[in-house]
Amino acid sequence: MFSHLPTLGVGLGFREPFKSDLFLNRQQVDFLEIVAEHYLDAPVQKQQELELLAAHFSIIPHAINLSLGSAEGLDTDYLGKLAALIKQLNPPWWSEHICFTKAGGVDIGHLSPLPYTKEAVEVLCRNIAEVRRWVDVPLILENITYMVTLPGAEMTEAQFLTEVVERADCGLLLDVTNLHTNAVNYGYDVRAFLAQLPKERIVQLHFVGGHWHDGILIDSHSQSTPLEVWELIDEVVDCASVKGIVLERDENLPPFGELAGELQKAREIGRSHGRWG
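Pasting the structure below:
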């Protein structure tokens, strides 16, 4: 189904503080993922940065504020700018989250979960259809972490994710760290969850480590990847034709050598399953 997409390998979520180290270690990074919003209405310096990155790496745009789950529809001004960025980069795919970030015209400032209902599926599919009128590059959707579960669920989270990507005909960006975090915080069986997902739609993975706060595991992108997440990565890469895997470190940035070590470990997992060179 998504077999026509190219295999990119092991990538890194680009963050400006390690730009110099990135270019000193170019051979250890197969591709980059950028936060799309960092380059919308960007000053000249950021535009030049993007041109430099695109000259040396394949780039996947990762959007965070399209708010695909908003019942009132999409912000077409924002969508137009995002579409122009994607057209500029001409990536093999791009990604967004299964969530909403705006309600009643107000930006709520974080990725908020949706109720697992048929109505929410309809909203997502309607908004994704609108996006496709602007962007013809394949879209993959990411599972999020959440601090609350919404009432009125008509299906499980795994069933909801599956329904969305199949109805909207999208790929899945499986954030393995998010999956682990939710399983720990809500006590569900992560293997049973994985078994319900459409493996043929898993295009890309995210991985990183978080931290504990008052007995809750927080997806802070601030620590090295824990053993449990590495084990999940191995299982997913074994059963799905993953095209790319991205280390998504945002806080408490370590020396670049530590990031490169995690990329190498991910590369070895892929090689052990014949997924990439």
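Start counting the sequence shown at 927; every next residue gets the next number (the numbering used here).
Virtual Cβ for every residue (Gly too), placed ideally from N, Cα, C.
This one's a predicted model, so the numbers in the text were calculated from it and none came from an experiment.
Applying the 10 Å Cβ sphere with the 16-neighbour rule, what's the burial state of residue i?
i	result
G981	Here the sequence assigns Ala to residue 981, which means Gly is not the residue at that position. Exposed, by the Cβ-count rule.
P1017	buried
I1012	buried
F1086	buried
A1109	buried
C1021	The residue asked about is misnamed: residue 1021 is Ser in this sequence, not Cys. So S1021 ends up on the buried side.
F949	exposed
I1128	buried
W1019	buried
Give me the residue from the options with the minimum Cα distance to residue i.
i	options	result
H1023	A1010, Y1004, I1054	I1054
L958	P1039, P943, I986, A1010	I986
R941	T933, A962, P932	A962
D1160	R1117, R1127, F944	R1117
L1099	A997, V1163, P943	V1163
M1073	D1033, I1142, F1182	I1142
P1064	L1037, E1056, C1096, S1148	C1096
T1082	F1119, T1002, S1146	F1119
E1089	G1078, L1123, P1077	L1123
S996	Q973, P969, V970, P1039	P1039
F983	I960, R1127, W1156	I960
P1181	S1198, W1019, P943	P943
T1027	A1121, R1093, G999, Q1130	G999
Taking Cβ positions, are residue i and residue j nearer each other than 8 Å?
i	j	result
D967	K1007	yes
I1195	F1133	no
L934	K1169	yes
S1148	G1136	yes
Y1004	L1015	no
V1047	R1093	yes
From residue i to residue j, what distance separates their C-alpha atoms?
i	j	result
H1106	E1154	8 Å
V1091	S1167	16 Å
P1041	T1075	8 Å
W1202	H930	15 Å
P1152	E1188	11 Å
E1080	K1044	7 Å
C1025	L994	6 Å
T1103	Q954	22 Å
I990	N1111	23 Å
L979	I1070	27 Å
A1009	S946	29 Å
T1002	V1057	9 Å
L1067	L1050	11 Å
G1183	G939	15 Å
E975	D1145	28 Å
K1125	V970	41 Å
E977	F928	28 Å
R1197	V936	11 Å
(Q) My parser needs the alpha helix (DSSP H) runs of 4 or more residues fully inside the segment 981-1041; what are they? (A) 1002-1015
Q) At what residue ranges does the segment 1078-1156 contain a whole run of the alpha helix (DSSP H), taking only runs of 4 or more? A) 1083-1093, 1102-1112, 1116-1122
Q: Identify every run of the alpha helix (DSSP H) within the segment 952-986, keeping only runs that are complete inside it and at least 4 residues long; order them along the chain.
A: 970-982
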